[in-house]
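Enquirer: With the UniProt record's numbering, letter number 93 in the sequence shown gets 93, and the count goes up by one each step, no holes. Can you read through this structure? Questions will come right after.
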Amino acid sequence: MRKVMKEKIPEIVKKSHRELPHFSDGRVDYSDADKAPTVITFLKHENKFLLLKRSDKVRTYKNKWCVVAGYLDELKPVGEKALEEVKEETGIKEDEISEIYSGESFMFEDENKTWISHPVLMELKEKPDVVLDWEHTDYKWVKERDLDKYISYHFLRGLKNLRTL
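Structure, rendered in structure tokens:
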């Protein structure tokens with residue numbers, strides 16, 4: 001595990017920005033793309049991780065438990081995008097975070113797409129007040145040993161990639 005470097009933009013993000021269509025706000029549209037880079041962010045307080053239940057309004061993993069996740073759809077470094085997603089999806093701000101680590105990116109296929117996931121771990125100073133956005137309907141704090149009861153193997157692989165560096 002290494003401290004996250006906010007200044008690095010993955011090559012796949014740069015390539016996607018050049019080659020794929022964009023939404024009107026400038027973000028890359030991965031709707032019809034074969035591959036999509038994402039950031040998956042594990043939020044940890046003491047010995048528990050924050051899990052979010054996705055709503056039925058999202059495009060993928062509807063009504064499933066997950067961690068904070070989002071497309072790398074702008075020319076921004078992984079760490080910066082992870083912080084944005086965390087604030088957007090949970091209301092947790094950067095000053096509530098004590099440490100940020102990144103892990104090795106990995107690929108997997110699911111829901112007719114190849115995902116290139118960039119795992120990030122954020123350790124929180126205190127247990128925060130979580131404010132959910134429209135992407136989620138519920139949240140819970142879960143011990144690491146119980147994560148496999150809620151989230152898919154792919155997300156667990158992200159955590160493993162964080163642990164092995």
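Idealized CB from N, CA, C, for every residue including glycine.
(1) Buried or exposed, going by whether 16 or more other CB atoms sit within 10 Å of the CB of Tyr-71?
(2) For Gly-26, does the count of other Cβ atoms within 10 angstroms reach 16, so buried, or fall short, so exposed?
(3) Assign Phe-23 to buried or exposed, taking buried as 16 or more other Cβ atoms, counted over all protein chains shown, within 10 Å of its Cβ.
(4) How would you call Tyr-30, buried or exposed, if buried means at least 16 neighbouring beta carbons within 10 angstroms?
(5) Could you work out which residue in Thr-41, Glu-46 and Pro-37 is closest to Pro-119 when comparing CA atoms only?
(6) Please classify Asp-73: is it buried, with 16 or more other beta-carbons within 10 angstroms of its beta-carbon, or exposed?
(7) Apart from the five residues on each side of it in sequence, which residues of its chain come closer than 7 Å, Cβ to Cβ, to His-136?
(8) Check Phe-108 in the structure and name its three-state DSSP category.
(9) Rounded to whole angstroms, what's the CA-CA distance from His-45 to Tyr-139? Just pull it up for me.
Expert: Taking the definition as stated:
(1) Flag for Tyr-71 reads buried.
(2) Burial check for Gly-26: the Cβ neighbour count within 10 Å stays below 16, so the residue is exposed.
(3) Phe-23 comes out exposed.
(4) Counting Cβ neighbours within 10 Å, Tyr-30 comes out buried, since at least 16 surround it.
(5) Of Thr-41, Glu-46 and Pro-37, the residue nearest in Cα terms is Thr-41.
(6) Classification of Asp-73: buried, given that the 10 Å Cβ count is 16 or more.
(7) Cβ neighbours of His-136 beyond the five flanking positions: Leu-52, Lys-53, Arg-54, Ser-55 and Glu-89.
(8) Phe-108 falls in the strand class under three-state DSSP.
(9) Counting only the Cα atoms, Tyr-139 lies some 14 Å from His-45.
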